[in-house]
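Have a look at the structure below, then the notes.
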Amino acid sequence: MPPVFRFAPSPNGLLHLGHAYSALLNFDRARETGGRLLLRIEDIDATRCRPEYEAAIYEDLAWLGIAWETPVRRQSEHLSDYRAALERLSELGLVYPAFESRAEIARLVTAREADGPWPRDPDGAPLYPGDAKSVSSGERARLIASGAPYALRLDMAAACRRVDGLSWNELGEGPDGERDTVPARPEAWGDVILARKETPTSYHLSVVVDDALQGVSEIVRGQDLFHATSVHRLLQVLLGLPEPAYRHHALIRDEEGRKLSKSSRSTGLRELRSAGITPAGVRQLVGLG
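Counting in the working numbering, the sequence shown runs from 140 upward without gaps.
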């Protein structure tokens, strides 16, 4: 079977050099290995994703000379797949609703830090500090029936007890030079959110479901997602999904060393094209010339 690669942008802004680098790496790897390249539109966030940005993604990638298979998978058209995965995890007793708002969580973290630093995940966000796991089933049912907003969280401790020797195959190089077999440490993320009342999935859940359903065998993405792979490997094992190989690439940064964002107009593909930069010039700018 030929290897399968994917590029999976969110249509919540215009593509920049960082996106171009990742897309070109996937495209080049597919050509080098005789593999397939898929395009996935991660449009779960209905408040930020827009049709005009999705159209711009197709236009920018085509301008770069990137070809992909059709039809394109759009996450918003496959919500039932994520619900099914969430139900499977719930059947295993690994999901619980937490009703604190973001402001309440911030206050809880502040209170916890009165006794010392509160632990944070690899991205720097504080771990969930609440005690929603101790709420009775009756109270949970009452709160849900009342229409209260909630997040569905993974019981990380219980989930980790179900796996042993978790790791992944790293073909690239992690931010600290990690290669080959990398031990996964999902517990560093605490009780991550898998879905919300108004959103049937999170990035962590949808990405593993999509990759499995699309048969993605090698995931080429930025080092900013290196540590999140621990959560993804845990979910893959819990859900009985196949294990892909991973290749995490260095990030394209601005002149001050910061990761590019979709507001980085100086590195936006639209702006570069308007300035006369060619697709070959983009390759040179990202070190693929």
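Each residue gets a CB set at the ideal place from its N, CA and C atoms; glycine is no exception.
Classification of M140 by the beta-carbon crowding that lies within 10 angstroms, buried from 16 upward: The residue labelled residue 140 in the question sits at position 1 within the sequence shown. Burial is judged here by how many other beta carbons sit within 10 angstroms of a residue's own beta carbon; M140 has fewer than 16 and is exposed.
Pairwise C-alpha distance: L408 and G415: By 1-based counting over the sequence shown, the position of residue 415 is 276. By 1-based counting over the sequence shown, the position of residue 408 is 269. So the two alpha carbons sit approximately 11 Å from each other.
Burial state of S149, where buried means 16 or more other Cβ atoms lie within 10 Å: Taking the sequence shown and counting its residues from 1, one reaches residue 149 at position 10. When all chains shown are included, S149 counts as buried.
Pick from L291, E208, A194, P258 that is closest to E239, judged by C-alpha positions: Taking the first residue of the sequence shown as position 1, residue 239 is located at position 100. The residue with the shortest Cα to Cα distance from E239 is L291.
Length at least 3, wholly inside the stretch 215-280: the beta strand (DSSP E) runs in chain order: 234-237
Euclidean distance between Cα positions of G174 and F146: Stepping through the sequence shown from its first residue, residue 174 is reached at position 35. Stepping through the sequence shown from its first residue, residue 146 is reached at position 7. Each residue's Cα considered, the two are about 13 Å apart.
E357 in three-state terms, based on DSSP: Position 218 of the sequence shown holds residue 357. Here E357 sits in strand by DSSP.
For R213: DSSP bridge partner residues: In the sequence shown, residue 213 corresponds to position 74, counting from 1. R213 pairs with I180.
Beta-carbon gap between S341 and L333 smaller than 8 Å: Your numbering for residue 341 matches position 202 in the sequence shown. Your numbering for residue 333 matches position 194 in the sequence shown. Yes, these two residues count as a Cβ contact at 8 Å.
N- and C-terminal bounds of the alpha helix (DSSP H) containing T368: Numbered from its first residue, the sequence shown carries residue 368 at position 229. Per DSSP, T368 belongs to the alpha helix (DSSP H) from 368-378.
Own chain partners of S356 with C-beta closer than 6 Å, once the 5 adjacent residues on each side are dropped: The count along the sequence shown starts at 1 and reaches residue 356 at position 217. The residues are P142, V143, P383.
Close-in-space but distant-in-sequence residues of the same chain around T172 (CB under 6 Å, 5 per side omitted): Numbered from 1 along the sequence shown, position 33 holds the residue referred to as residue 172. Correct list, in chain order: P142.
Anticipated Cβ contact below 8 Å, H343 with V302, distance rounded: By 1-based counting over the sequence shown, the position of residue 343 is 204. By 1-based counting over the sequence shown, the position of residue 302 is 163. Contact flag wrong, Cβ pair sits at about 15 Å.
Cβ-Cβ distance between D182 and S161 below 8 Å: For the purposes of this step, residue 182 is identified with residue 43 of the sequence shown, where counting begins at 1. For the purposes of this step, residue 161 is identified with residue 22 of the sequence shown, where counting begins at 1. In this structure, S161 does not lie closer than 8 Å to D182 by Cβ.
CB contact flag (D184, N151, <8 Å): Residue 184 sits at position 45 when you count from the first residue of the sequence shown. Residue 151 sits at position 12 when you count from the first residue of the sequence shown. Taking 8 Å as the Cβ cut-off, D184 and N151 qualify as a contacting pair.
Status (buried if at least 16 other CB within 10 Å, exposed otherwise) for L427: The residue given as residue 427 occupies position 288 in the sequence shown. Answer is exposed; the Cβ neighbour count stays below 16.
Contacting residues, own chain, Cβ-Cβ under 7 Å from D260 (five flanking each side not counted): For the purposes of this step, residue 260 is identified with residue 121 of the sequence shown, where counting begins at 1. Cβ within range, chain order: L266, A327, W328, G329.
Close Cβ partners of Y235 (< 7 Å) along its chain, the five nearest in sequence each way excluded: Looking up residue 235 in the sequence shown gives position 96. Closer than 7 Å at the Cβ level, and outside the excluded window around Y235, lie A271, K272, R292, D294.
Contacting residues, own chain, Cβ-Cβ under 7 Å from G354 (five flanking each side not counted): Translated into the one-based positions of the sequence shown, residue 354 becomes position 215. V143.
Three-state secondary structure (DSSP) of Y385: Taking the sequence shown and counting its residues from 1, one reaches residue 385 at position 246. Looking at Y385 - three-state DSSP - the assignment turns out to be strand.
F146: first and last residue of the uninterrupted beta strand (DSSP E) it sits in: The residue labelled residue 146 in the question sits at position 7 within the sequence shown. Segment 143-146, the beta strand (DSSP E) holding F146.
G420 - partner residues in DSSP beta bridges: On the sequence shown, residue 420 is found 281 positions in, with the first residue counted as 1. The partner list for G420 (beta bridge, DSSP) is empty, contrary to what the question assumes.
Sub-8 Å separation of R227 and L378 beta-carbons: Within the sequence shown, residue 227 is the residue found at index 88, counting from 1. Within the sequence shown, residue 378 is the residue found at index 239, counting from 1. Their beta carbons are under 8 Å apart, which means R227 touches L378 by this criterion.
Member of T406, G316, P210, R335 whose CA lies at the smallest distance from the CA of A389: Here residue 389 is taken as the residue at index 250 of the sequence shown, counted from 1. Closest by alpha carbon: G316.
Residue environment, G286, which counts as buried when at least 16 other CB atoms sit within 10 Å: In the sequence shown, counting from the first residue as 1, residue 286 sits at position 147. Looking at its Cβ environment, which holds fewer than 16 other Cβ atoms inside 10 Å, G286 is exposed.
Reduced DSSP category for S285 - H, G, I as helix; E, B as strand; rest coil: In the sequence shown, residue 285 corresponds to position 146, counting from 1. If DSSP states are grouped into helix, strand and coil, S285 belongs with coil.
Cα-Cα separation, E394 to Q375: Translated into positions along the sequence shown, residue 394 becomes position 255. Translated into positions along the sequence shown, residue 375 becomes position 236. Taking the straight line joining both Cα atoms gives about 37 Å.
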